[in-house]
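S.K.: Would you mind keeping the following structure in view while I ask a few things?
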Amino acid sequence: MSIPELFRCPISLELFADPVTLSTGQTYDRASIEKWLGYGNSTCPVTMQRLHDKSLVPNHTLRHLIEQWFLTASIHGDGSVLMDPINSMDISLSELKRNLRLPSSTLTTKLETLRIIEVLSSESSIRQASLVQAGFFQLLLHVLFQAPVAHNAEVTELALDGVLNLLPSADLESLNMLRRESNLTQLVFLLDQSNVKIKTALCHLLDTIATCSATQELCLMLGRRQRVLQVLVSLLQHKSDAQASEAAVRAVCSLCSSEANRATAIREGAVDGLIAYLHPRSRNRSAARALATLELLLGLEIGKREMNRNPDAIVTLVKMVFRVPSDQGGSEHAVGSLLLVCCDSAKVRREAIDAGVLTKLLLLLQSQSSAQAKAKARALLKMLIPVIKKQVL
Numbered sequence: 004m005s006i007p008e009l010f011r012c013p014i015s016l017e018l019f020a021d022p023v024t025l026s027t028g029q030t031y032d033r034a035s036i037e038k039w040l041g042y043g044n045s046t047c048p049v050t051m052q053r054l055h056d057k058s059l060v061p062n063h064t065l066r067h068l069i070e071q072w073f074l075t076a077s078i079h080g081d082g083s084v085l086m087d088p089i090n091s092m093d094i095s096l097s098e099l100k101r102n103l104r105l106p107s108s109t110l111t112t113k114l115e116t117l118r119i120i121e122v123l124s125s126e127s128s129i130r131q132a133s134l135v136q137a138g139f140f141q142l143l144l145h146v147l148f149q150a151p152v153a154h155n156a157e158v159t160e161l162a163l164d165g166v167l168n169l170l171p172s173a174d175l176e177s178l179n180m181l182r183r184e185s186n187l188t189q190l191v192f193l194l195d196q197s198n199v200k201i202k203t204a205l206c207h208l209l210d211t212i213a214t215c216s217a218t219q220e221l222c223l224m225l226g227r228r229q230r231v232l233q234v235l236v237s238l239l240q241h242k243s244d245a246q247a248s249e250a251a252v253r254a255v256c257s258l259c260s261s262e263a264n265r266a267t268a269i270r271e272g273a274v275d276g277l278i279a280y281l282h283p284r285s286r287n288r289s290a291a292r293a294l295a296t297l298e299l300l301l302g303l304e305i306g307k308r309e310m311n312r313n314p315d316a317i318v319t320l321v322k323m324v325f326r327v328p329s330d331q332g333g334s335e336h337a338v339g340s341l342l343l344v345c346c347d348s349a350k351v352r353r354e355a356i357d358a359g360v361l362t363k364l365l366l367l368l369q370s371q372s373s374a375q376a377k378a379k380a381r382a383l384l385k386m387l388i389p390v391i392k393k394q395v396l
């Protein structure tokens, strides 16, 4: 077995002898980074960020883990290692847990520990399962929502990275700790006040909560929090960060899969947000899912009223009729949404015709689209024919 990647210097690729951390958060062996800086370099070798502070902070956590690892490992001249991986893992994980649990641990120690956990949790499914079994999923949730480090974005980012990495192996029942009022308040605060990276990660967490059968009561609690939906809707329209808008649309769609959340979502701007996300000039990888959710929201009268108030809504939907790949169901939901709003309004029917819906529907009927999509297209055509006849006459 080779030396763990975590214990190798990114410059020399050798086992750390004296690990030190730069202001960028990257750890190097002291001799290697001092040589790098001695050549006149003023950037971090891994991130290439310019170093305004070239001080080197000893990484005591990593050094201690390496020392403990040595207790159960025998390193040969060719770099191979004989070790007891279970005992080594136990020793290392105990140290990491202690660093996160102890109130006396410094911010530097917590950051070092969280960086190590983030690396370990991204290595393999086996490593993830080991971390979950050792209680790290609950511990990271505790760090995020029960014992947060005030105003420290890096702690939050690293803890969230670890949580998201461990989700596939975790018992999601643990997320119900967020049903406690104080924890839920902290989640809403982070979603509202944090940077875009943290908000994006929280969107992924909300998506998981809303789609898991074990956390449906929590999903309903989130749906009743107006500020949650307000922030998600604003992220839907975040044109400068595609990852944020994609994560937000998945979270909104998942929350709206619960019928009880739909009216609140509409009142907080979900219809306008989804239309903005679907704008033809936008990149929208989750367009089919957004259209499916829009069709659900239009099943409520309040949803139709919001749609009718949006000047871009009908034109956007018409463009989606034959723009979205039919195998994803997007065309079907675009036509279905048009059906719902056209049935109550002659004005909307005329607007759809003026936007070119007839050509789109005819192309759809000649395509390889699903039977459901074609059935909805025929129903919409039948609804529009009287309007067309009046225009001709």
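Going from the sequence shown to my numbering is simple: count from 1 and add 3. All C-beta atoms in this analysis are idealised placements derived from N, C-alpha and C, irrespective of residue type, glycine included.
(1) Check whether the segment 347-357 and the segment 371-391 touch, using three or more Cβ-Cβ pairs below 8 Å as the test.
(2) Is V135 helix, strand or coil by DSSP?
(3) Could you round the C-beta distance between A162 and L147 to whole angstroms and report it? I think they count as a contact, below 8 Å.
(4) For L297, which option in R312, N287, L281 and R288 has the closest C-alpha, if you only look at C-alpha atoms?
(5) With a Cβ-Cβ cutoff of 8 Å, do R267 and G226 count as a contact?
(6) Under 8 Å between the Cβ atoms of E271 and Q229?
(7) Using a threshold of 8 Å, state whether the C-beta atoms of L320 and S340 are closer than that.
(8) Could you check which residue in A250, H241 and S172 has the C-alpha nearest to that of L208?
(9) If distances are taken between C-alpha atoms only, which option among V344, Q233 and G333 comes closest to A316?
(10) Out of curiosity, what's the CA-to-CA distance linking L169 and L99?
(11) Tell me whether V252 sits in a helix, a strand or coil according to DSSP, three-state version.
(12) Taking the straight line between their C-alpha atoms, what separation do you get for G306 and R381?
(13) Quick one: measure Cβ to Cβ for A217 and E176, integer angstroms, because I've assumed they're closer than 8 Å.
(14) Where does M51 land, buried or exposed, given buried means 16+ other C-beta within 10 angstroms?
(15) Helix, strand or coil: which one does DSSP assign to V23?
(16) Look up V166 in the DSSP assignment and say whether it is helix, strand or coil.
(17) Taking the straight line between their C-alpha atoms, what separation do you get for L178 and K385?
(18) Check each candidate in K363, W39 and I6 and name the one with the smallest Cα separation from E70.
(19) So, at 6 Å on beta carbons, what are the nonlocal neighbours of L277 in its own chain, with the 5 sequence-adjacent residues on each side left out?
(20) Using the Cα positions of T159 and A247, report the straight-line distance between them to the nearest angstrom.
(21) Buried or exposed, going by whether 16 or more other CB atoms sit within 10 Å of the CB of N155?
(22) Would you decide whether C206 is buried or exposed? Buried here means 16 or more other CB atoms lie within 10 Å of its CB.
(23) Bridge partners for D32 per DSSP, in chain order?
(24) Determine whether the beta carbon atoms of L119 and L65 lie at a separation below 8 Å.
(25) At 4 residues or longer, what runs of the alpha helix (DSSP H) sit wholly inside the segment 166-236?
(26) Rounded to the nearest angstrom, what separates K57 and T30 at their Cα positions?
(27) Under DSSP, the alpha helix (DSSP H) around N62 begins and ends at which residues?
(28) Please list the terminal residues of the continuous alpha helix (DSSP H) segment that includes Y280.
(29) Could you give the DSSP three-state label for T46: helix, strand or coil?
(30) Quick one: what's R11 bridged to in DSSP?
(31) Tell me whether H336 is buried or exposed, calling it buried when 16 or more other Cβ atoms sit within 10 Å of its Cβ.
(32) Helix, strand or coil, according to DSSP, for R353 in the structure here?
(33) With L123 and L105 assumed to form a contact (beta carbons below 8 Å), what rounded beta-carbon distance in angstroms separates them?
(34) Under a three-way DSSP split, which group does V84 fall into?
(35) In chain order, what residues of the same chain lie with their CB nearer than 6 Å to the CB of V166, ignoring the 5 residues before and after it?
M.R.: The relevant details are as follows:
(1) yes
(2) helix
(3) 5 Å
(4) L281
(5) According to the sequence provided, residue 267 is Thr. The question's Arg does not apply to it. Contact flag set, yes.
(6) yes
(7) yes
(8) A250
(9) V344
(10) 16 Å
(11) helix
(12) 24 Å
(13) 5 Å
(14) exposed
(15) strand
(16) helix
(17) 49 Å
(18) I6
(19) A293 and L297
(20) 17 Å
(21) exposed
(22) buried
(23) P22
(24) The displayed chain sequence assigns Ile, not Leu, to residue 119. Yes, these two residues count as a Cβ contact at 8 Å.
(25) 184-196, 199-214 and 219-226
(26) 13 Å
(27) No alpha helix (DSSP H) contains N62, which DSSP labels as neither H nor E.
(28) A273 to Y280
(29) strand
(30) L18
(31) buried
(32) helix
(33) Rounded, the Cβ-Cβ distance is 19 Å, inconsistent with contact.
(34) Bear in mind that a pLDDT of 45 at V84, under 50, signals an unreliable position, so the model cannot answer this.
(35) L143
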